[in-house]
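Asker:
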Amino acid sequence: MWRPAERIRHDARPGVWPTAAEAAASRLFSPIELGPIKLAQCTWVPAMVPWRASEDGFVTPDVLDWYECFARGRPGAIVVEATGIRDVPSGPLLRIGHDRFLPGLRDLVRVVREASRGETRLLIQIIDFLTIRRRPDPARYFSQFLAITPRHRSAFGRVDAADAEVRAWLPTLPRGELERVLDARELESLDFGYRERVTDLHLPQIRDLPTQLPHLFSDAARRAREAGFDGVELHYAHAYTMASFLSRVNTRDDGFGGTIESRARLPLEVFSQVRTAVGNDFAVGCRFLADECVDGGNPVDDATYFGCQFAQAGMDFLSLSRGGKFDDAKQPQVGGAAYPYTGRSGYECMPSYYSDAQGPFGRNLPATARIRAAIRERGLTTPVVATGGIHNFEQAEAVLTNGTADIIGFARQALADPDWFRKVASGRGADVRLCLYTNYCEALDQRHRQVTCELWDREALDAPGTKLASDGKRRLTPPRWEP
102 MWRPAERIRH DARPGVWPTA AEAAASRLFS PIELGPIKLA QCTWVPAMVP
152 WRASEDGFVT PDVLDWYECF ARGRPGAIVV EATGIRDVPS GPLLRIGHDR
202 FLPGLRDLVR VVREASRGET RLLIQIIDFL TIRRRPDPAR YFSQFLAITP
252 RHRSAFGRVD AADAEVRAWL PTLPRGELER VLDARELESL DFGYRERVTD
302 LHLPQIRDLP TQLPHLFSDA ARRAREAGFD GVELHYAHAY TMASFLSRVN
352 TRDDGFGGTI ESRARLPLEV FSQVRTAVGN DFAVGCRFLA DECVDGGNPV
402 DDATYFGCQF AQAGMDFLSL SRGGKFDDAK QPQVGGAAYP YTGRSGYECM
452 PSYYSDAQGP FGRNLPATAR IRAAIRERGL TTPVVATGGI HNFEQAEAVL
502 TNGTADIIGF ARQALADPDW FRKVASGRGA DVRLCLYTNY CEALDQRHRQ
552 VTCELWDREA LDAPGTKLAS DGKRRLTPPR WEP
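Quick note on my numbering: the sequence shown kicks off at 102 and runs consecutively.
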């Protein structure tokens, strides 16, 4: 995991908690309209993957328990975790690529409605991702995975050499010689694992993405509407397909890459088809990056252009994140997969309590403010969601008061205390369990283990009805809070 050179400890600050009357009069606990829907307050739980779905992508009882605990806190909105739009195996991640997933998703909607007493709006984040494979054992890579080409045979010294001869020869080469024989992508597949890119136009499935993705996203959005959700969040952020189309490293020459206008083309076409599929009375917005935080990637200027384009096209909200890219991910161990939150861009996405002088709290706010200001200068009122290390009332209220954003997203803080919203609104802020920002939760996510929080997952393990994680050592949801 990348860490800044400075090792300054930053502790979360409770600040001054409001009384119930002060909370009721605040911007944070005031209603706001998101296109066709209205939030009871300007609070938001962003999408977080808890690794609780079944291996074939269905909602499980553990998924229902997870969202029920957030719903009991009654935030303005909850965004359900990244949910795959393709009907393909993808492990314990929720899926929405077929109608057979609808019954479970309807159960999820029902549970949130009941637990929040109808106060919380529910959206679902829909995502597409390309193939990525685990880092192979070198012997297996050379004997099975590497496609032998005339270039390899020429380096071997015999253009008529059998594949088996070349495969037996390659593992014997010193690293320097191997780097001369293999091309950059072959070396990457050896060192990190094979990964598709949106620029791999030699692959038919990649070349056809612009014709396939609009209907895949629109079909998923239609199912979300049928399941009873209030809206969808199009996942245009981090290391995944749509973010890759937006990125400066997208050099496609088919009209969907290169210039900034061409890079925005497919995301806008996806939104247009989604809007057609669900109508104007269903909220549609997106999550995208205010800054990619990688060499050669999108800076804030590009994100400002995209934000204005998305707002002009009629998106109902824009949720801003940063970083989280494969481009600078650390090398995984053999048998492990590259994880896009291990490099500098990953740190920028989820900074920890040991940080540089800037610290981990509100690290994305300056970029968010620039993007929102540009949108407002064009006369557009699209609500902007700010996220990233926001944990106390004073901090959140200031972001809204100074015009940085319109809605506050609490991810790690909501995980630490899903009842944050009820506690603060009722004048009981002193009871809030403040996130430590140690990234204990992120470390679990990296290992694809059920995500919990160190502040509550060892409490009352023997209490009646407590469900434990698969390791038997952690509870899956926090102890229930009642005022």
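Beta carbons: idealized from backbone N, C-alpha and C, even for Gly.
Bear in mind that the values here come from a model prediction, so they are computed numbers and not experimental data.
1) Is it buried or exposed for Ala106, if we count other Cβ within 10 angstroms and need 16 for buried?
2) Where does Glu182 sit, in a helix, a strand or coil, going by DSSP?
3) Excluding the 5 residues flanking Gly358 on each side, which residues of the same chain have their C-beta closer than 8 Å to its C-beta?
4) Using a 10 Å radius around the Cβ and a threshold of 16 neighbouring Cβ atoms, would you call Asp563 buried or exposed?
5) With a Cβ-Cβ cutoff of 8 Å, do Leu224 and Val150 count as a contact?
6) Is the Cβ-Cβ distance between Asp457 and Ser446 less than 8 Å?
7) Give the secondary structure of His111 by DSSP, where H, G and I count as helix, E and B as strand, and everything else as coil.
8) State the DSSP-derived secondary structure class of Cys394, mapped to helix, strand or coil.
9) How big is the Cα-Cα spacing for Arg308 and Pro580?
10) Going by DSSP, what residue range makes up the beta strand (DSSP E) through Ala487?
11) Distance, Cα to Cα, Thr221 vs Val371?
12) Helix or strand or just coil, what does DSSP make of Lys574?
13) Taking Ala512 as the reference, which of Ser131, Leu135, Ala148 has the closest Cα?
14) Pick from Gln374, Pro272, Thr443, Glu362: whose alpha carbon is nearest that of Leu335?
15) Count the CB pairs spanning the segment 238-256 and the segment 202-221 that are closer than 8 Å, and state whether there are at least three.
16) Quick check on Ile361: does DSSP put it in helix, strand or coil?
17) Starting from Arg324, follow its DSSP beta bridges and name the residues at the other end.
18) Tell me which residues share the same chain as Ser506 and place their Cβ nearer than 7 Å to its Cβ, disregarding the 5 neighbours each side in the sequence.
19) Could you give the residue range of the beta strand (DSSP E) that holds Asp222?
20) What three-state label does DSSP hand Arg376 in the structure shown?
21) Tell me which residues share the same chain as Ile179 and place their Cβ nearer than 7 Å to its Cβ, disregarding the 5 neighbours each side in the sequence.
22) Which one of Val395, Pro461, Trp118 has the shortest CA to CA distance from Ile491?
23) Whole angstroms are fine: how far does the CA of Arg464 sit from the CA of Ile227?
24) Between which residues of its own chain and Ala262 is the CB-CB distance below 8 Å, once the five residues before and five after are set aside?
25) Starting from Val435, follow the alpha helix (DSSP H) in both directions and report where the run begins and ends.
Answerer: On the basis of the data shown:
1) Here residue 106 refers to the residue found at position 5 of the sequence shown. The residue in question, Ala106, is exposed, as its Cβ has fewer than 16 Cβ neighbours within 10 Å.
2) What you label residue 182 is simply residue 81 of the sequence shown in a count that begins at 1. It is a strand residue.
3) Working through the sequence shown from its first residue, we reach residue 358 at position 257. Result list for Gly358: Val299, Thr300, Phe346, Asn351, Thr352, Arg364, in chain order.
4) Here residue 563 refers to the residue found at position 462 when the sequence shown is read from its first residue. So Asp563 counts as exposed.
5) The sequence position of residue 224 within the sequence shown is 123, counting from 1. The sequence position of residue 150 within the sequence shown is 49, counting from 1. Result no, Cβ atoms of Leu224 and Val150 do not sit closer than 8 Å.
6) Mapped onto the sequence shown, residue 457 falls at position 356. Mapped onto the sequence shown, residue 446 falls at position 345. Not closer than 8 Å, so no.
7) Mapped onto the sequence shown, residue 111 falls at position 10. His111: coil per DSSP, three-state reduction.
8) Taking the first residue of the sequence shown as 1, we reach residue 394 at position 293. Coil, per DSSP.
9) Here the question's residue 308 lines up with position 207 in the sequence shown. Here the question's residue 580 lines up with position 479 in the sequence shown. Between Arg308 and Pro580, the C-alpha separation is close to 49 Å.
10) The sequence position of residue 487 within the sequence shown is 386, counting from 1. That run of the beta strand (DSSP E) goes 485-487.
11) Stepping through the sequence shown from its first residue, residue 221 is reached at position 120. Stepping through the sequence shown from its first residue, residue 371 is reached at position 270. C-alpha separation (whole angstroms): 27 Å.
12) Start at 1 with the first residue of the sequence shown, and residue 574 comes out as number 473. Looking at Lys574 - three-state DSSP - the assignment turns out to be coil, as it is neither helix nor strand.
13) Residue numbering aside, residue 512 sits at position 411 when the sequence shown is read from its first letter. The option with the nearest alpha carbon to Ala512 is Ala148.
14) The residue you call residue 335 lines up with position 234 of the sequence shown. If we check each option's Cα against that of Leu335, Gln374 comes out closest.
15) no
16) Here residue 361 refers to the residue found at position 260 when the sequence shown is read from its first residue. In this structure, Ile361 counts as helix in the three-state DSSP scheme.
17) Position 223 of the sequence shown, counting from 1, holds the residue named residue 324. The beta-bridge partner set that DSSP reports for Arg324 is empty.
18) For this step, residue 506 is matched to residue 405 along the sequence shown. According to the sequence displayed, residue 506 carries Ala and not Ser. Counting only Cβ-Cβ distances below 7 Å, and skipping sequence neighbours, we find Thr469, Arg473, Val485, Val486, Ala487, Val500.
19) For the purposes of this step, residue 222 is identified with residue 121 of the sequence shown, where counting begins at 1. The sequence given here has Arg at residue 222, not Asp. Segment 222-228, the beta strand (DSSP E) holding Arg222.
20) Here residue 376 refers to the residue found at position 275 when the sequence shown is read from its first residue. Here Arg376 sits in helix by DSSP.
21) Stepping through the sequence shown from its first residue, residue 179 is reached at position 78. Val146, Tyr168, Phe171, Ala172, Val213, Thr221, Leu223.
22) Here the question's residue 491 lines up with position 390 in the sequence shown. Nearest to Ile491 by alpha-carbon distance, out of Val395, Pro461, Trp118, is Pro461.
23) Here residue 227 is taken as the residue at index 126 of the sequence shown, counted from 1. Here residue 464 is taken as the residue at index 363 of the sequence shown, counted from 1. Counting only the Cα atoms, Arg464 lies some 25 Å from Ile227.
24) On the sequence shown, residue 262 is found 161 positions in, with the first residue counted as 1. Counting only Cβ-Cβ distances below 8 Å, and skipping sequence neighbours, we find Arg254.
25) If you number the sequence shown from 1, residue 435 lands on position 334. That residue, Val435, is in no alpha helix (DSSP H); it is neither H nor E in DSSP.
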